Amino acid sequence: MSTIAWIGLGHMGAPMSGNLVAAGHTVRGFDIAPACIEAAAARGVTTVGSVAEALEGAEACFTSLPMPAHVRGVYDGPDGIWAHAASDTLLLDTSTVDVDTSRWCHDESSARGFTFVDSPVSGGTAGAEAHSLTFMLGGAATDLERAKAFVEPMAGSVILCGEATAGIASKLVNNMMLFVSALGVAEGSQLAERLGLDPTVFWNVANVSSGASWPQRTWYPVPGVVSTGAADKNFDATFSLDLARKDCSLAVQAGESAGLNLPAAELALAQFEQLVGEGLGAKDTMLITKLVTPDGSL
Ligand code: NAD
């Protein structure tokens, strides 16, 4: 069993690190938010007061941070990972960031004698709790095999995507497809209501029919249908609009750089931006459903 450092104990980091503890590892966790520290401690994580302390004796160091700037900040500088990790500590970032930030993590880690693997995840908080996440790993082949052993207790699937940044590029495309599907689920859920359908009966129909999708199965935005979504919890975030805006914006930017038209992704981004602009960034992504009804009621 190993000692593992974990930086960022939020919606994803807390259950993921808890699953490493459940698998028998010692996890030394750090977060800047006291409530997150407490929640992780309740899952058996050994909570500490700094990145440096988290790294003491660590064979691997995971990060699960909100935005690319947080990842850059936690790696760099006198209090950061590079300043305090042992050279044989494997560095893995599970955050969703842009390809340039991930490339920077690879290049700067390598220049300092470290090994970095881009390790983003899919499956949401439900997948994090159920240790059924999909991990998409990018890096040199021998490093990916080493990373696989550390991520397996949190994973349903581990996919070795290829060289450096292949994992994060896969994640950005995957999430763009998720957001486009989510628009259809938001609209379909409300049309089903207006047509007088029982929401659970309709969900059962869609679930085994051509309207099925991950957000339909997991995030269906009508109360009383799926326990994994936010509709039963006043749309408190399982995956926040702030994060959806970030991820979708990264995909749209990648499309622009590649010379593609991505009209559906741009529409999703416009909806996320509208709701974030209304001060709802901390609420759940499926709050886009309120844009379907004329008065914004759900
Ligand atoms: P979150 O905001 O709940 O958690 C991030 C945590 O990082 C917070 O607890 C925050 O306090 C902490 N943090 C910020 N700056 C820090 C610093 N300098 N040092 C230590 N801790 C710091 O976000 P989340 O939903 O857990 O998502 C984390 C990452 O995983 C994001 O990049 C997100 O896009 C990605 N992701 C999220 C989901 C999901 O469903 N929530 C699914 C897949 C991927």
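Residue numbers (my numbering): 101 to 398.
Ideal Cβ placement from N, Cα and C applies to all residues, glycine included.
Keep in mind the model is a prediction, meaning the values are calculated, not measured.
query: Start-to-end residues for the beta strand (DSSP E) that takes in G238; result: L233 to G238
query: DSSP-derived helix/strand/coil call for S327; result: coil
query: Alpha-carbon spacing of G329 relative to H206, whole angstroms; result: 34 Å
query: For I107, the three-state DSSP class (helix, strand or coil); result: strand
query: Length of the line joining the Cα atoms of I137 and G129; result: 8 Å
query: The segment 257 to 268 in contact with the segment 161 to 172 per 3-pair CB rule at 8 Å; result: no
query: heavy atom of the ligand NAD below 7 Å from M112 C-beta; result: yes
query: Any non-hydrogen atom of the ligand NAD within 7 Å of G173 CB; result: yes
query: For T215, the first and last residue of its enclosing beta strand (DSSP E); result: T215 to D218
query: Host alpha helix (DSSP H) of A135 (start-end); result: P134 to A141
query: Contained beta strand (DSSP E) runs [length at least 3] in the segment 225 to 301, N- to C-terminal order; result: 233 to 238 and 255 to 262
query: Local conformation of G118 per DSSP, three classes; result: helix
query: Three-way DSSP call (helix, strand, coil) for G377 in this model; result: helix
query: Under the three-state DSSP convention, the category F339 falls into; result: coil
query: is_contact[H111, chain B] using C-beta, thresh 8 Å; result: Although the question refers to chain B, the structure presented lacks it and comprises just one protein chain.
query: Local conformation of V322 per DSSP, three classes; result: coil
query: Buried versus exposed call for N334 [16 or more other C-beta atoms within 10 Å across all chains shown]; result: exposed
query: Between the CA atoms of L291 and A312 - distance to the nearest angstrom; result: 16 Å
query: Cβ pair G238, A264 closer than 8 Å; result: yes
query: Reduced DSSP secondary structure (H/G/I, E/B, other) of G359; result: coil
query: Under 8 Å between C-beta atoms of A365 and A351; result: yes
query: Cβ contact check for the segment 210 to 225 and the segment 193 to 201: 3 or more pairs under 8 Å; result: yes
query: Where D424 sits in the DSSP three-state scheme; result: Nothing about residue 424 can be read from this structure; the chain reaches only from 101 to 398.
query: beta-carbon I259 near the ligand NAD non-hydrogen atom, thresh 7 Å; result: no
query: Distance cut-off 7 Å: T328 Cβ against heavy atoms of the ligand NAD; result: no
query: Cβ-heavy atom distance, A133 to the ligand NAD, below 7 Å; result: yes
query: Beta-bridge pairing of K333 - partner residues as DSSP gives them; result: Its beta-bridge partners do not exist; DSSP assigns none.
query: DSSP beta-bridge partners of F372; result: DSSP lists no partner for F372.
query: Buried versus exposed call for L190 [16 or more other C-beta atoms within 10 Å across all chains shown]; result: buried
query: Delimiting residues of the alpha helix (DSSP H) encompassing T201; result: V199 to A211
query: Collapsed DSSP secondary structure at S222 in the structure displayed; result: strand
query: Whether L398 touches I388 by CB criterion (8 Å); result: no
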